[in-house]
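Structure first, commentary second.
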Amino acid sequence: MRRLYAILVGAGLVYMLFAFLGTISPYGNVNLSDRVSAHFLAKDVNSVDASKWVSGDKQIPSKMKVFGKKGFEDGSANVVTSIVVNYRSFDTLGEVTVLFASAVGVGLILGGTRRMRYGRKPNFILRVSTGILLPLIILFGVYIFVHGHLTPGGGFPGGTVIAAAVLLLYLSNEEFSLNMVVSKSLEGSMGSLYVIFGLIGLAVGGAFLFNFLPNGVVGSLFSAGVVPLVYMTIGLKVGSELSGVVAEIHEEREG
Amino acid sequence: MVYAISIILIGIGIYGLMTQKNLFKHLISLSIIDTAVNIFIIATGYVEGGKAPIYTKSLPNFAIGKFVDPLPQALVLTAIVIGVGTLAVGASLLVRIREKHSSIDVENMKGVEE
Amino acid sequence: MISLLIAIPLLLAFVSVMWKRISKSLFFLAAIVNLIILLASWFPNGVEIHAMGNWKPPFGINLVLDNASFYAVLVVNAFFFLVSLMPKFVESYGTSLMLLMAAANGFILTGDLFNSFVFMEIMTITAVTIASKRDNFYNAFKYLILGGIAGSIYLLATIFAYTATGSLNMAHVSMAAISASSLIAITTLYTIGLGVEAKLFPLNGWVSGVYGGNDLAPVILGTSVSFAALYMVGRLFGTVFHGNGAEVLYTLALITIVAGEVAALRQQNILKAFAYSSVAQAGVVVAMISKGTAKSMGLAYFHLTNDAVAKFVIFLVAGFLVYNYKNLNGVFKKHKILGASFSMATFSLIGFPLFAGFQSKLRMIMALFSMKDFLFPAVMLLATLIEVGYVVRWNVRLWFEEETQEKAETPVVASTIALILAILLVAVFLKPEIFLNGAMKMGNALADSKDYIQGVLSVVKGGM
Amino acid sequence: MSALIWLAGGIMIVAAVFAVEAKKILDAVIAMSALSLVSVFLFIAMRAPDVAITEASVGAGLVTAVLLVTLFRMKGGDDK
Amino acid sequence: MALSTLLISLLVTSVIIYFVSKASWRVGAILNFLIGIFLISYVFALHTGTTSDLGTLFGQKLQLTWTNASFYFSAVSLMVIVSVMLFAIKWLDSQKYPAAFNMFLLMMTAGSLGVFMAADLVTLYIFWEIAVLSSMLIVPMGKKESRKAAVIYAVMSASGTYMYLYGAFLAFQRYGTLNISEIAKQMVSDPSTGIKAAIFLLLASAGIAKSGIFPLHTWLRIAHGNAPDAFSAVLSGQLVKLGSYVLMVTVAVIPSLRVFANIPFYSGIPATNYFLIALGATSIIVGTLMAIKQDDMKMLIAFSSVANGGYILIGIGTMDPMGFEGGVLHVFNHALAAAVIFMAFASVVYRTHTKKISELGGLIHKMPITFLAYLFAIISLAGIPPMSGFISKWMIYQALVRKGMFITAFIAFFGSIGSFLYVFRPLAGVFLGQLPKKYKDVKEVSPVMWIPMMILVVISLIIGIWPFPVLQPIESMRADFGIAPMVKISDPDHWLIRGFAGNWNPVLVFNLFLIGFIIAYILYTMFPRSKKVDLLAPHKEEGTPINIYTGGEYIYTPELYHYNTKFYAGFERMYEKHPSWEKVLGMLAKFFHDLGEWVHGWFFRPSPSAYAFWVSLTILIVFWVRW
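Residue numbers (my numbering), protein chains in the order written: chain A, 1 to 255; chain B, 1 to 114; chain C, 1 to 464; chain D, 1 to 80; chain E, 1 to 627.
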């Protein structure tokens, strides 16, 4: 009976969403010129007259070369990154905060009493291969977030990869225990650094999270102003944070 | 059609939340809904024939219709991470629920106050 | 300046993980700095925006400080400040509280739909963390699941708004021509997404468990967070969607009022009883907001302020009692000050004269009658009648029954705060302008979407 | 392309149903992880490489890891 | 001193009184009494027409004004309150919360005065709630049951109050003003009978709840019965009269005869008024019958208050000059009588610590002054000349008979006879009969306690002989309200009250009674006195005078053999299986509790699954409604 009701209600919900689908443009048939993202792609937000734009006068620039050029308001070749870390950097700060909040939450929920290791005999192959793979994985993670503004990826996947390395350490080495003080201070200082970047922007450019470093040539490594720096802090923060979460859940308490 | 897939996944997630008695399954269902919503969001930004919004050597020029919408992608990046945060808190709560109520099955949990 | 309201608690929260010991002091610091910032920018009387990273709206994210968001932020931060005065209460939750403070401020100030979703999620996660205090894990988990569903639906609504208008900026969404069916989709989803935080029936299943589970959660969630959530209801349905979907809100809210009060009637746990009362009051506020005029919204927030102040006192006292006494009979004989403030707060809740609740309740009824709404006052009065029943029962029980237990140590700071707030309630009765002016300004700002749109979108570059 | 997407969608739906209805929680977690992995394909098909990478590492990798670790912490959890 | 200043300073003083009483409650009580004396002199010095602003609410002026009605009701209230204040100076030493009692008593006084002064509906509401709130906080200071009593009192009072509030704002919405006389003016010209009737009945319901008229009368028994003993005197003597005042405002200040002239029901009385009269008549029946049954003396008089509230309502409801004056005069009579009776009971309880009639007896020898006070009070309450109680009842009968309302008149007569029965029960059970042994050391209460009683009794007696000082203000009130202003009823020049079917000369009647009394006293002294016999021989240790019934047999249930148990057994048996309204209301309360349980169980307690279900269902319903 419960299932029947559930199926009925679930089907109703699906029907409702299908009905709502009729109100948005069909799949793949989107006109970007109606959306703000056109200007993110063109990197010309500063030159758009917003009051005209909102009333329907879309000022889409003509076709132009972006890659390898200088002097745009934002320098990252990866437009998603430019949105994440520059145009909508505040969202990302929020996102970092979500992760931070959940790390704090996990710590508070699980924390308190004495800790004991969760024992499971690691096998030999895992241990040896970890020794070989670990530096590579960490390097890969660092690469991902350092190149976040050029290639797909960025702080979050990069940090996650680092956390995966820590997880691997936990699985392979019975004795291993993450140094909580180090990870916490890394997490805290990196988070503060992000806010401080924002505050520097406020001091220099008059707006929180203002991109206060010069943009280079689109497509080169040192190009996108604060973006690589921010991504680096995010990467380290997420890495240490998720490692902390993994460690927190992994370690067992007694009593 | 991607819309259809994601909507059906949302339906399944809700169905799972409604029928399952194991709290772990609730977490999994929630995660399914998250993923489905993410797919939905990306689908709203898809442009037929568009490319990934990254300027490269082979794709150096800006033009409307050439790229997919990057904004939903940026949003989804955030949404994914938020999902993980929720999940981590949920998982740690589950650990403690299991300790306190000796089960994570709604019907077998002990000492749940009315 | 505005961005500091979010940046400072956030920065201090990050710092506080490194120095756990001083997290309480940092929390206090953050609260007091925020209050100073707010006092410095007293009622802007216009729309002041702060474009993040200097990306002008509707392209970038912007914070909006108008009379509405100012009043909401002021109230929210004031409550956080009060909590921060009680270090015993905060325990190891200083970091979470700072995050919650940043999130609530961000949620209120932001002018961007997706950004508000992000802040809502931070609020949910930190709230869950706070809710899990005192091993209240199962209820926290329920809240998490419900909050997760609500978050997903809120996100879907945001995406629908984005596809319909091409932007996430509230001002732009507000002025954009959206087709009627699209508007229905968006507002329906927002009703549900916000309904969970705004405690609308039947989306509010988490409330009793979370508020009833420990002493910190109701004090902070029942005042600040619910104020933030209900502010958003007004902002979205009042300013952004011009009252579209208000009838649904109105109906749900009326059901909420009755359900909340009725459920409170039978509660044996004092925290839960007043948690349900908080549900009912949220219903009153939402119903009032859904009337959509400047006056009704102003009165809604006036009532909400009074309710929040009263609830702060009630939950503070009740939380202290529940976790220090097994049997609550006659405990106020030992804690006269706590008892007096509790009684005053509860009577304010009912709307007895001499207390603030009277002013708001009567004004609301008066306004509703002049709008020719005869149903809502009747429901409100019926709810008040039920409220009288349990409020008097609790008061009589806590004051007059035979006491059984030894006296616990009186919390000095908490008693002082409770007493001051209770006296504030009397002061508001005598001089309603204390809250009413701000609330009416808030109502005007929320109802005037034209001003909002102009204020946000005409800015060329975001200033301080 | 379209057929591939349908195939992926089909797999996802099956995985989702399996994740929801599986008798053992471990199976559910693995199905869930499979769902995430297939969704990575969808993201790539929709030209969202950033999302794909994040989903692969975070959604499929980390979430699964967190869930598995939780599951082991609870000594296999409660089998339904 | 302006009226508003007076009320506000009274409220502030009440808080000061609390702290003074914390140091010494006796000083607080004496201060209270002095303030009361001051208030009485103040009230008599005020001129009608004095107005004073209280503030504004939403652009509506809140005003106080002093009218003849305010004077009359305030004076009656203060008489009761001040005597209780005096009484309390001694009586409070048996109480647990003297400081709070003093504070709330003064606060309640302020609230009541405010109600009588209010010129608009909201001001009336504000002070009404202050009076209710403070009295509600005194009620639970009694014994254990009083806690529940407070809750029931609060809820029932609130149910009336909120209906009143709804009506007030309905009137505001329609007429754009809250001022009572403005509303009255506009209602006359308002063509819509339905809304007028709704406003009328909603406003009246506050009075119905407060003065214990039938559907909302049950709180009287439990609240009067369990409140602190002396406070019952205020509850029954004064607070209930707030309800009568509101009823008078709705019926007379709003000229109901003219407003509802288009719906006459019976002999010129509109349907709305007739509805109230019917409720009043029901209250008389219910109150009388229930009072006869009670063993608890305070509950007994509580039910008598229900019946007397009915008299007042009927009298005012007729809107006949005679009936109106009778009803309003009855307010005075009942206030004094009930206050004295409850104070007498308080004295008895103060000495004996029980309020069960069947546990008492023979206190006439121990507490003669209390007995005397009680005796005169019940004479007034039962409406026997020469006490003032007769006059008001007589006037009400006159009006009823003239209007040809014979059924109502019959019920009123019935209630009058019933009142002989029930007031006699405590008289016989408490003061006459055998003195239980355990009370053999009981003493008369101190003068501080009996003086207020005797003052009230003397006032009542004097008014019974010379009612014109009270009738004059009532007559000017009647003139204010425009109820047949030409008709003169009181005629002090000829020592007459002019009814339509004969006149009443109270002085003459008193002289006749006096002569009769003197003759009886002479006869009493001529015949030999009865001899007192101690009948307690074999059961000395129980102390219960039971051996007169036993023929050497041991009695296991002595209380059944007390002649006061089932005093009116035969009569009670006639309506043993009566339907209980209290149970109906209890069921209503239980319904709300069950509903709450259901809401809690279905929506708040269950697992996340159920939450998900409700969320989805809600979306679907919203979608279905809106799409």
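The beta-carbon is built from N, C-alpha and C at its ideal position, and this holds for glycine as well.
Item, Value
"Closest residue to C:Phe332 among C:Ala408, C:His50 and C:Ile37 (Cα-Cα distance)", "C:Ala408"
"Collapsed DSSP secondary structure at E:Met297 in the structure displayed", "helix"
"Residues of the segment 65–97 of chain C whose Cβ lies closer than 8 Å to any Cβ of chain A, in chain order", "Ser92, Tyr93, Thr95 and Ser96"
"Per-residue contacts from E:Val122 into chain F (C-beta, under 8 Å)", "Looking for chain F here will not work: the only protein chains present are A, B, C, D and E."
"C:Ile149 vs E:Val151 beta-carbon contact at 9 Å", "no"
"Chain E within 9 Å of C:Ile192, Cβ atoms only", "yes"
"Beta-ladder partner(s) of B:Ala105, from DSSP", "Residue identity differs from the one stated: residue 105 of chain B is Asp in this sequence, not Ala. DSSP output for B:Asp105 lists B:Asn22 as bridge partner(s)."
"C-alpha distance - A:Ser47 paired with B:Asn61, whole-angstrom precision", "18 Å"
"Straight-line Cα distance separating D:Thr54 from A:Ile288", "Residue 288 of chain A lies beyond the stretch modelled for chain A, which goes from 1 to 255, so this question has no answer here."
"Euclidean distance between Cα positions of B:Ile80 and C:Leu421", "42 Å"
"Where C:Ala484 falls: helix, strand or coil (DSSP)", "The structure shown has nothing for residue 484 of chain C, since chain C only spans 1 to 464."
"Beta-carbon proximity of C:Leu424 to C:Ala356, cut-off 9 Å", "yes"
"Closer than 9 Å to chain C by CB, E:Met103", "no"
"Short-range partners of chain C found in the segment 63–78 of chain B, where Cβ spacing is below 8 Å", "Leu71, Pro72, Leu75 and Thr78"
"First through last residue of the beta strand (DSSP E) which encompasses C:Gly49", "Before going further, note that residue 49 of chain C is Ile rather than Gly in the sequence given. First-last of the beta strand (DSSP E) with C:Ile49: Glu48 to Ala51."
"CB contact below 9 Å: C:Trp55 versus chain E", "no"
"As assigned by DSSP and simplified to three states, the class of C:Gly462", "For C:Gly462, the pLDDT reaches just 42, beneath the cut-off of 50, and the residue's location in the model is therefore unreliable, although a value from the coordinates is still provided. C:Gly462 falls in the coil class under three-state DSSP."
"C:His303 vs C:Val322 beta-carbon contact at 9 Å", "no"
"Selection from A:Ala42, A:Leu242, A:Gly71 and A:Met1 that minimises the alpha carbon distance to A:Ser62", "A:Ala42"
"3 or more residues per run - each beta strand (DSSP E) lying fully within the segment 463–502 of chain E", "496–499"
"Backbone CA spacing between C:Ser208 and C:Leu156 [nearest angstrom]", "27 Å"
"Proximal residues to E:Lys355 (C-beta, below 7 Å), its chain only, five neighbours per side dropped", "Asp296, Met297, Lys298, Phe345 and Val349"
"Amino acids of chain E, ordered along the chain, whose beta-carbon sits closer than 8 Å to that of B:Ile116", "For chain B, the structure presents residues 1 to 114; residue 116 of chain B sits outside this window and is missing."
"Inter-stretch contact at 8 Å, needing at least 3 Cβ pairs: the segment 375–388 of chain C / the segment 173–191 of chain E", "no"
"Residues that DSSP places opposite E:Asp120 in a beta bridge", "E:Asn179"
"One or two residues paired with E:Pro270 in a DSSP bridge", "E:Pro264"
"Through-space distance from C:Ile192 to E:Ile81, alpha-carbon basis", "56 Å"
"Rounded separation between A:Ile144 and C:Leu194 - CA only", "36 Å"
"Run of the alpha helix (DSSP H) containing E:Gln398, from where it starts to where it stops", "Ser388 to Lys403"
"Range of the contiguous alpha helix (DSSP H) that encloses E:Gly55", "Careful: E:Gly55 lies outside any alpha helix (DSSP H), inside the beta strand (DSSP E) at Thr51 to Leu57."
"Simplified DSSP assignment, three categories, for A:Met16", "helix"
"Whole-angstrom distance between E:Lys443 and E:Ala537, CA atom to CA atom", "Because the pLDDT of E:Ala537 is 48, which lies under 50, any placement of that residue in the model is unreliable, and the number read from its coordinates should be weighed accordingly. The alpha-carbon atoms of E:Ala537 and E:Lys443 are separated by roughly 24 Å."
"Span of the beta strand (DSSP E), counted from its first residue to its last, around C:Asn62", "Asn62 to Leu65"
"Residue range of the unbroken alpha helix (DSSP H) whose run includes C:Gln359", "Ala356 to Ser370"
"For B:Ile7, the three-state DSSP class (helix, strand or coil)", "helix"
"Secondary structure of C:Lys295, DSSP reduced to three states", "helix"
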